[in-house]
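Here the sequence shown is numbered in full-length UniProt numbering, starting from 1 and rising by one per residue.
Glycine is no exception: its CB is placed at the ideal position from the N, C-alpha and C atoms.
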Amino acid sequence: MGSANEELDGKHGVQSLEVGMSILRAMATGRRSMMLKEIAEAAGMPPSKAHRYLVSLIRSGLVEQDRLTSRYDLGPFALNLGLVALDRIDRIRLGLLAITDLRDETNETVALTVWSDAGPVVVRWERPRRPITVNVVTGTHLSLLRSAGGRVFAAWLPERQTEALLRRELETGRAPAGVATLEDARALLAQVRESGVVVLSGDYFARGVEAAAAPVFNFKNEITMAIAIVGVEGSMDLSMDGETIAALRRTAAALSRRLGATLDSLAMDADIQ
């Protein structure tokens, strides 16, 4: 009997939750803070009923009330839900658009990298319109210290997420020349954070390849992706004051802002007018 009742409840849903959602939808479409009477009218219910739900919504953080004006608005948890949804749904799509535009601007191979349980992984790349290019295989896992995208993640992720992989690269001899200890790696990554971008030529994990990469940050001001420009060694201008690096900085900074990043002191913003 209890099982049948549970199944029936599951099919019908929770009516009180649906009523609460109608209040949130009314507030979201209002596009400004609202008085109780306005919310009740928009949600199609008496003010007394709307008030009871608003009390619970305030307790949950989905709604907040200005004590001076008595107006209600969406609360911090509602904002966080919206930003998390934006981060999960839009970041890859926006990243793909960004690397396509950067490919068109620079006529170089451009790759988009995200973090996985096994480290940085290439999720998409765009080929330039030139006869000799570097092919980047989607799904490739990158070295933390000998790839541009890998260094970006190693520099901006918390060390607790990268230390095991860093130690493995150091112990297996896959670290670049001059980096023999974890302290050496930390010093290298500090330089990356100071410059805001990675330029790697001559010691890339793939022979005859050079690359530059920049971090992309989300609404929490945490690294969420890396954008890399990859080419045949000696074929690109990777000087810090050159047009290629400037375009990379602009693209990464613009995408970070689209994802809600608010850091004002990012080194990658230095060349943006």
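- Taking the C-beta atoms as reference points, ALA214 is found no nearer than 7 angstroms to VAL199.
- In the DSSP assignment, the residues bridged to VAL110 are GLU126 and ILE229.
- Here GLY75 is buried: its Cβ has 16 or more other Cβ atoms, across all protein chains shown, within 10 Å.
- Scanning its chain for C-beta atoms nearer than 7 angstroms, with the 5 sequence neighbours on each side dropped, one finds around VAL136 the residues THR109, ALA111, VAL122, TRP125 and VAL230, in chain order.
- Just so you know, the alpha carbons of ALA155 and VAL232 end up roughly 25 angstroms apart.
- Distances from the CA of LEU81 to each of SER60, ASP101 and THR100 were compared; the closest alpha carbon is that of SER60.
- One thing to note: ARG91 has its Cβ no nearer than 7 angstroms to the Cβ of SER33.
- Inclusion of HIS141 and GLY173 in the CB contact set at 7 angstroms is not warranted, their separation being larger than that value.
- Of the residues assessed, ASN218 falls on the buried side of the cut-off, its CB having 16 or more other CB atoms within 10 angstroms.
- Here SER201 has GLU210, GLU233 and LEU238 as same chain residues with Cβ atoms under 7 angstroms from its own Cβ, once five neighbours each way along the sequence are excluded.
- Going by DSSP, PHE219 is part of no alpha helix (DSSP H) at all; its letter is neither H nor E.
- In this structure, LEU62 keeps its C-beta atom at 7 angstroms or more from the C-beta atom of ALA43.
- Burial of THR251 is indicated by the presence of at least 16 other C-beta atoms within 10 angstroms of its C-beta.
- In this structure, ALA28 lies away from ILE39, with their beta-carbon atoms at least 7 angstroms apart.
- Rounded to the nearest angstrom, the Cβ distance from LEU170 to THR162 is 12 angstroms, too far for a contact under 8 angstroms.
- Secondary-structure assignment with DSSP links MET34 through a beta bridge to TYR72.
- Rounded to the nearest whole angstrom, the CA to CA distance from ASN221 to ASP66 is 28 angstroms.
- Using a Cβ distance threshold of 7 angstroms, ALA228 and GLY149 count as a contacting pair.
- PRO176 carries a coil assignment under DSSP once its states are collapsed to helix, strand and coil.
- If you check the CB distance, GLY20 and TYR53 come in under 7 angstroms.
- Taken through DSSP and simplified to helix, strand or coil, GLY150 comes out as helix.
- Note on ALA226: 16 or more other CB atoms within 10 angstroms of its CB, so buried under the neighbour-count rule.
- Between LEU166 and LEU144, the CB-CB gap stays under 7 angstroms.
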